[in-house]
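Student: Chains as they are written, first to last, in my numbering: chain E, 1 to 410; chain C, 1001 to 1270. By construction, the Cβ of each residue, glycine as well, lies at the ideal position given by its N, Cα and C atoms. Before I ask anything, here is the structure I am working with.
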Amino acid sequence: MYKKISLLAASCAAICSPAYALDVEMRGSAGAEARIFLEDAAYANQERDSASVTIDPEFYYAIPDSSDSISFNLHARIDSADEERSNADIRELSYLKVGDGWEMKAGISKVYWGVTEGQHLVDIVNQTDAAENIDGEDKLGQPMVNLTLLQWQDYGVFDVFVLPGFRERTFAGQDGRLRPQLVIDTSRTSYEAKNNEKHVDGALRWAHSIDVFDIGVSHFWGTSRDPIFQAQALSPTNVVLTPHYAIINQTGLDLQASLEGWLLKTEIISREGRFKQTATGLERQRYTALATGFEVTVVDFLERGIDLGLIAEWNYDDRKTNASSTFQNDLLLGTRWAMNDAESTEVLIGLSQDLDYDTTSLSVEGSTRLSDHLKLTVESRIFTAVDSQDVFVKQLEDDSFIQAQLDYFF
Amino acid sequence: MKKNIIALGLLSAGLLFSANSIAALNLEGLSPEQAGLAIVTEADKRETGFGNSSASMKMTLINRKGKKSIRNLRSKVLEQLEQGDKSLSIFDEPADVKGTAMLTHSHGLDPDDQWLYLPALKRVKRISSKNKSGPFMGSEFAFEDLGSQEIEKYSYKLLGEEQLDGVDVYKTERIPQYKHSGYTKQIAWTDQEHLRTLKVEYYDRKGSLLKTLSASDFKQFKDQFWRPHRMFMQNHQTKKATELLFENYVFNDASLKESDFVNNSLKRIR
């Protein structure tokens, strides 16, 4: 008995005490979300409204006597309506080594490139978690080795990425709203790469701040994060969309000039690959897409300390109406209100007008702090006018929604 | 830029400080403008050489009804001799903004460069630095109150010598020379022995008294640098107030590097 206890004590000394000594910093949030749709669902199997719970814990461990660290972030959601939206994803599990003039990160991580607000053309490293939200802001964790070279800082910062392991985009499932008429069947995904999702992708980026300019030039080679869809008849009555991911080369430029109250922003990409759908199959294509505009800030608006931001961005794709994106020729007008109050209340209202089709959509995002730990976020997307020629948005015509999210931060 | 102005300041103040920098200032024969500049130039000289410094801050916002809300943040400053200092603010509380960080490269009269790191998106965003008069985190402190105080940012005029709570002080008028300030003037009370700013009155764009800042609980570090441990900003127009308590001042931390003050490093700053 004694032996057993001492053994226990010894094993505890070996296991518990280092764990106890580890100074792991924990934080994160847990939340609940309700999504109310303004109209009945258009397609079979779709549930009308939904509720879900989320948890986002984060752990951080600073390795003693160094600048190195280990980070771990998890995102998990359970959704009442859509099992494709019920998921767990490791957003971050990485080791960061900080050297003299260089940094190396290995593991699962997230990087953000770009400057514009409406769409994120240049930002390609991480896959979009589209089941989470259709706004493209949520990203899946990407396995990577990232070397950052800082020793030539007078000439900018250089990043090299090796990206093993492809992440498929998530989509709303057959029970969920905000999906096309045909269900996207991610169990039938196909790839151009012979080794499918095991293809190792690569990326390079140079970024520099010169005076009022912030500039980034990047190149990506590997499996596209944007799929194309092929209709596949599983039976005469059951047709699904299957995602196909081509191998692409994409060169990107992001540029911002910060002129006192004015921020001028531009992102351009040129992408090449076998993703053009023709009657005889897929063909190679190169296209260019652009997002450009400005954000101007009026300070102390109404003499109440409010920062009023006015945003205008034009999105263009030279494939025009054959583009695989809804941003083929669209104008986005937005206004951002930062109330600068104790509750950090913010409101962002955006109006998107398609310049080829007569499609207009409105989005509203607002947030405020209810207490030191509790934050309320309200989001709404309203498809006010949808042109029947606009095949992408037409399928979402009945999916205008309002959602409220309450998050407890710890 | 800063160096030139300091050189000018030293010229105009003559050789007053060369004998003993801690001795009381001799302002005899100087015009009120020259004397005001001499005081701030000497104060700046006594501040030179801190290398870098960091501190924790607890900010308590107090509204008209006395309701309080708390922010915790840490600040790190890297001294620059040739140009304005570089500073980092890292937010710890409230919990929803934890990990948010702001980097400022100040440039005296020229617009500052400012970047904000948003941890949820892992996005480093260059932001407009025009908003000098805007509230910092919803508090009664404006960005310009907390920014790097370079000599050339103001014109100065000594209004007189008096006593403040039993301490001999200089009363100086400062008029912002940078663009987009929310103030037409400031009146500052600086103690004659250590040249510490004890009190500042801020006058709004219409010329009315807007706020009063009181700094107290000073301690000296490295036998040279005086720092307040409490600052209290009272807004007379909105009746709101903000208390700022400082802790854990550290000077010349060898682990703080130049490379911690570049925009790319915001992603890993903790």
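Assign R77/E to one of two classes, buried (16 or more other C-beta atoms within 10 Å of its C-beta) or exposed (fewer than that).
Tutor: On the first sequence, position 77 is the one that residue 77/E refers to. It counts as buried.
Student: Which first and last residues belong to the alpha helix (DSSP H) in which A130/E is found?
Tutor: Looking up residue 130/E in the first sequence gives position 130. No alpha helix (DSSP H) contains A130/E, which DSSP labels as neither H nor E.
Student: Could you tell me the alpha carbon to alpha carbon distance between D1191/C and A1055/C, rounded to whole angstroms?
Tutor: Along the second sequence, one-based indexing puts residue 1191/C at 191. Along the second sequence, one-based indexing puts residue 1055/C at 55. Looking at the two C-alpha atoms, the distance is approximately 23 Å.
Student: With a threshold of 8 Å between beta carbons, is M1001/C in contact with chain E?
Tutor: Looking up residue 1001/C in the second sequence gives position 1. Low per-residue confidence applies at M1001/C: pLDDT is 37, beneath 50, and the placement is therefore not dependable, though the value from the model is reported in the following sentence. Answer no: the Cβ-Cβ gap between M1001/C and chain E never drops below 8 Å.
Student: Kindly list, in the order they appear in chain E, the residues whose Cβ is closer than 8 Å to that of S1089/C.
Tutor: Taking the second sequence and counting its residues from 1, the one referred to as residue 1089/C is at position 89. Neighbours of S1089/C on chain E: none; closest Cβ ~15 Å, over 8 Å.
Student: The alpha helix (DSSP H) with V115/E in it runs from where to where?
Tutor: One-based indexing of the first sequence puts residue 115/E at position 115. Looking at the DSSP string, V115/E is not in any alpha helix (DSSP H), and its letter there is neither H nor E.
Student: According to DSSP, is L1266/C helix, strand or coil?
Tutor: The sequence position of residue 1266/C within the second sequence is 266, counting from 1. Helix at L1266/C.
Student: Residues of chain E with CB under 7 Å from V1262/C, in chain order?
Tutor: Looking up residue 1262/C in the second sequence gives position 262. Result: Q153.
Student: Across which residues does DSSP place Y1203/C in a beta bridge pair?
Tutor: As a first step, residue 1203/C must be located in the second sequence, where it is residue number 203. K1185/C and L1209/C, per the DSSP bridge assignment.
Student: Starting from the beta carbon of H199/E, find every residue of chain C whose beta carbon is closer than 9 Å, and list them in chain order.
Tutor: Within the first sequence, numbered from 1, the residue matching residue 199/E stands at position 199. Ordered by position in chain C, no residue passes the 9 Å Cβ test against H199/E, which lies about 24 Å from the chain.
Student: When the cut-off is 8 Å and only beta carbons count, does A342/E lie next to chain C?
Tutor: Within the first sequence, residue 342/E is the residue found at index 342, counting from 1. Yes, A342/E lies at the interface with chain C (some Cβ there is under 8 Å from its Cβ).
Student: For G101/E, which residues from the same chain have a beta carbon less than 6 Å from its beta carbon, with the 5 sequence-adjacent residues on both sides left out?
Tutor: Sequence index remark: in the first sequence, residue 101/E carries index 101 (1-based). Correct list, in chain order: L150 and Q151.
Student: Determine the direct distance from the alpha carbon of I248/E to that of S271/E, and round the result to whole angstroms.
Tutor: Numbered from 1 along the first sequence, position 271 holds the residue referred to as residue 271/E. Numbered from 1 along the first sequence, position 248 holds the residue referred to as residue 248/E. The sequence as given places Arg at residue 271/E; Ser does not occur at that position. Going from the Cα of R271/E to the Cα of I248/E covers about 7 Å.
Student: Given a threshold of 16 other Cβ atoms within 10 Å of its Cβ, counted over all protein chains shown, does F410/E qualify as buried or as exposed?
Tutor: Counting from 1 along the first sequence, the entry for residue 410/E is found at position 410. Exposed, by the Cβ-count rule.
Student: Shortest alpha-carbon distance to T288/E belongs to which of F327/E, G305/E and V296/E?
Tutor: Position 288 of the first sequence, counted from the start, is the residue given in the question as residue 288/E. Of the listed residues, the one whose Cα sits closest to T288/E is F327/E.
Student: Taking 8 Å as the CB-CB cut-off, is R225/E touching chain C?
Tutor: Within the first sequence, the letter at position 225 stands for residue 225/E. No, R225/E lies away from the interface with chain C (no Cβ there is under 8 Å from its Cβ).
Student: Return the chain-ordered list of same chain residues with a C-beta closer than 6 Å to the C-beta of E267/E, the five sequence neighbours on each side being excluded.
Tutor: As a first step, residue 267/E must be located in the first sequence, where it is residue number 267. Cβ within range, chain order: G114, T116, L121, V122, D254 and A291.
Student: Which of helix, strand or coil does DSSP assign to T1238/C?
Tutor: What you label residue 1238/C is simply residue 238 of the second sequence in a count that begins at 1. Here T1238/C sits in coil by DSSP.
Student: At what residues does the beta strand (DSSP E) containing T1172/C begin and finish?
Tutor: Translated into positions along the second sequence, residue 1172/C becomes position 172. V1167 to P1176 is the span of the beta strand (DSSP E), which, as asked, contains T1172/C.
Student: Going straight from the alpha carbon of S1181/C to that of E132/E, what length do you get?
Tutor: Taking the first residue of the second sequence as 1, we reach residue 1181/C at position 181. Taking the first residue of the first sequence as 1, we reach residue 132/E at position 132. Approximately 43 Å between the Cα atoms of the pair.
Student: Ordered along the chain, which non-local residues of its own chain (more than five positions away) have a Cβ less than 8 Å from that of I1062/C?
Tutor: Within the second sequence, the letter at position 62 stands for residue 1062/C. The answer, listed in chain order, is K1068, K1240, A1241, T1242 and E1243.
Student: Excluding sequence positions up to five away, which residues of its chain have a Cβ less than 6 Å from the Cβ of L282/E?
Tutor: Here residue 282/E refers to the residue found at position 282 of the first sequence. Contacts found: R274.
Student: For E379/E versus E365/E, is the C-beta spacing smaller than 8 Å?
Tutor: Counting from 1 along the first sequence, the entry for residue 379/E is found at position 379. Counting from 1 along the first sequence, the entry for residue 365/E is found at position 365. Yes, the pair counts as a contact, with Cβ atoms nearer than the cut-off.
Student: For T297/E, which residues of its own chain have a beta-carbon under 6 Å away from its beta-carbon, when the five flanking residues on both sides are left out?
Tutor: Walking along the first sequence from the start, residue 297/E turns up at place 297. Cβ within range, chain order: G261, D307 and G309.
Student: Within 8 Å (strictly less), CB to CB, does T266/E reach chain C?
Tutor: Residue mapping note: residue 266/E aligns to position 266 of the first sequence, counting from 1. Judged by the 8 Å Cβ criterion, T266/E is not in contact with chain C.
Student: Determine, using beta carbons only, whether K1153/C and G1108/C come nearer to each other than 8 Å.
Tutor: Against the second sequence, residue 1153/C aligns to sequence position 153. Against the second sequence, residue 1108/C aligns to sequence position 108. Yes.
Student: Is the region 64-73 of chain E touching the region 1027-1036 of chain C, taking contact as three or more C-beta pairs under 8 Å?
Tutor: Verdict: no, contact absent.
Student: Can Q389/E and Q181/E be called in contact, C-beta distance under 8 Å?
Tutor: The residue given as residue 389/E occupies position 389 in the first sequence. The residue given as residue 181/E occupies position 181 in the first sequence. Not a contact, by the Cβ cut-off of 8 Å.
Student: Let me know the secondary structure DSSP gives T189/E once reduced to three states.
Tutor: Along the first sequence, read from residue 1 onward, the residue named residue 189/E stands at position 189. Correct three-state label for T189/E: coil.
Student: Taking Cβ positions, are E411/E and G173/E nearer each other than 8 Å?
Tutor: No information on residue 411/E is available, as it lies outside the stretch 1 to 410 that chain E covers here.
Student: Could you confirm whether any beta carbon from chain C is found closer than 8 Å to the beta carbon of R27/E?
Tutor: The residue you call residue 27/E lines up with position 27 of the first sequence. Cβ-Cβ to chain C under 8 Å: yes for R27/E.
Student: Would you call the CB atoms of V160/E and L140/E closer than 8 Å?
Tutor: Along the first sequence, one-based indexing puts residue 160/E at 160. Along the first sequence, one-based indexing puts residue 140/E at 140. No, the Cβ-Cβ distance between V160/E and L140/E is not below 8 Å.
Student: How would you call E313/E, buried or exposed, if buried means at least 16 neighbouring beta carbons within 10 angstroms?
Tutor: Reading the first sequence from its first residue, position 313 is the one you call residue 313/E. Buried.
Student: Quick one: using the 10 Å Cβ neighbour count with 16 as the cut-off for buried, is Q142/E buried or exposed?
Tutor: Here residue 142/E refers to the residue found at position 142 of the first sequence. Buried, because 16 or more other Cβ atoms sit within 10 Å of the Cβ of Q142/E.
Student: Once the 5 residues before and after A1013/C are set aside, which same chain residues still bring their CB inside 8 Å of it?
Tutor: Counting from 1 along the second sequence, the entry for residue 1013/C is found at position 13. Because A1013/C carries a pLDDT of 34, less than 50, the predicted location of this residue cannot be relied on, and no value is offered for it.
Student: For H244/E, decide whether its Cβ has a neighbour in chain C, counting only Cβ atoms nearer than 8 Å.
Tutor: Here residue 244/E refers to the residue found at position 244 when the first sequence is read from its first residue. With 8 Å as the cut-off, H244/E does not count as an interface residue toward chain C.
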